[in-house]
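In our numbering, the protein residues as written are 260 to 573.
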Amino acid sequence: MRHLLSTRDLRRDEVVALLDIAEDMADVSGREIKKLPALRGKTVVNLFFEDSTRTRVSFEVAAKRLSADVINFSAKGSSVSKGESLKDTAQTLAAMGADAVVIRHGASGAPRVLADSGWIDAGIVNAGDGTHEHPTQALLDAFTIRKRLHGVASRGRGLDGVAVTIVGDILHSRVARSNVWLLTTLGAHVSLVAPATLLPVDTRHWPVTVGYDLDIAIDSAPDVVMMLRIQSERMNAAFFPNAREYSREWGLGDDRVDRLPAASMVMHPGPMNRGLEISAAAADSVQSTVLEQVANGVSIRMAVLYSLLAGSDS
Ligand code: NCD
């Protein structure tokens, strides 16, 4: 793997191999000394043009556990706010000897531009681009589902026949897009539930079923309910009447969690709007995987950086 830009072009065997490497990385994270020398001498740059807490820190921890040097470059307070272009920024990073660039950008396609540009000869990892994709989030979600379902017997497996319902602001969600492709590749059945205003206009070519009623979806007893954050920062119009109505119709409240089978998982990529798309009780329930997702994110990002960078000299 040279870059990780999208989940759409990943093959099943590639994904399963990545998840299996992440299992090995999780073993390392469980040790007293949580460090491997695998990427000693390599430089990973975190290039974040959009705000992020957990994704940036997660990549930083992952790179450090593999003994890479990490440079955090956030657009605020950098020359980007003085109008420096992506090209100039990339060339500066290249001159500093970056081996991998982890990029989050508000424009869909920015990581692809960087990968195809020739401005920099580094592995590019998409850490979220506009409303397009967020591949490491989908990988950590798949890893979390597989681990809850199969525990120590996870290695080598996909997610055949697993029913996943993704709920909420699909329109603005790169997490939803990356998950639709990745979970389907692994054999899961994905359905989307949202108000019509928060669904993309054309999902005909997506491998999903679409519904508008969360109660019907809950009563079909899905294995996984993945709630999405309402992305107010990407909304330039009113997509639903008000917060109370949204949470009544499309929020995962206490009554809906109670109706789910005990084995169903409740997922959320974070940051959560507690009380809007998910109630506090749902977020903190035993069915919730929210904190597992964060912990697994480090293992997945270690696996991705390792796959991109280890052995690239030989
Ligand atoms: C997601 C993102 O930034 O796309 N969050 C994350 O990576 N932790 C989802 C979101 O912001 O709602």
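Idealized CB from N, CA, C, for every residue including glycine. Please read all numbers here as calculations on a predicted model, not as lab measurements.
Query	Result
Excluding sequence positions up to five away, which residues of its chain have a Cβ less than 7 Å from the Cβ of Ala374?	His262, Leu264 and Ile383
Skipping 5 residues on each side, what residues in its chain have a beta carbon closer than 7 Å to that of Lys293?	Val287 and Arg324
Can you find at least 3 beta carbon pairs, one from the stretch 488-506 and one from the stretch 532-544, that sit closer than 8 Å?	yes
Buried or exposed, going by whether 16 or more other CB atoms sit within 10 Å of the CB of Asp400?	buried
Just how far apart, CA to CA, sit Ser367 and Ser523?	33 Å
Mapping the DSSP letters down to three states, classify Val467 as helix, strand or coil.	strand
Determine the burial state of Ile475: buried for a count of at least 16 other Cβ atoms within 10 Å of its Cβ, exposed for fewer.	exposed
Pull up the distance between the alpha-carbon of Ile330 and that of Asp514, whole angstroms please.	45 Å
Tell me Arg533's beta-bridge partners as DSSP assigns them.	Ile537
His364: buried (16+ other C-beta within 10 angstroms of its C-beta) or exposed?	buried
Val484 and Thr424 - do their beta-carbons sit closer together than 7 Å?	yes
If Ala381 sits next to Thr395, beta carbons under 8 Å apart, how far is it from one beta carbon to the other, in whole angstroms?	That belief does not hold up - the Cβ atoms of Ala381 and Thr395 are roughly 17 Å apart, past 8 Å.
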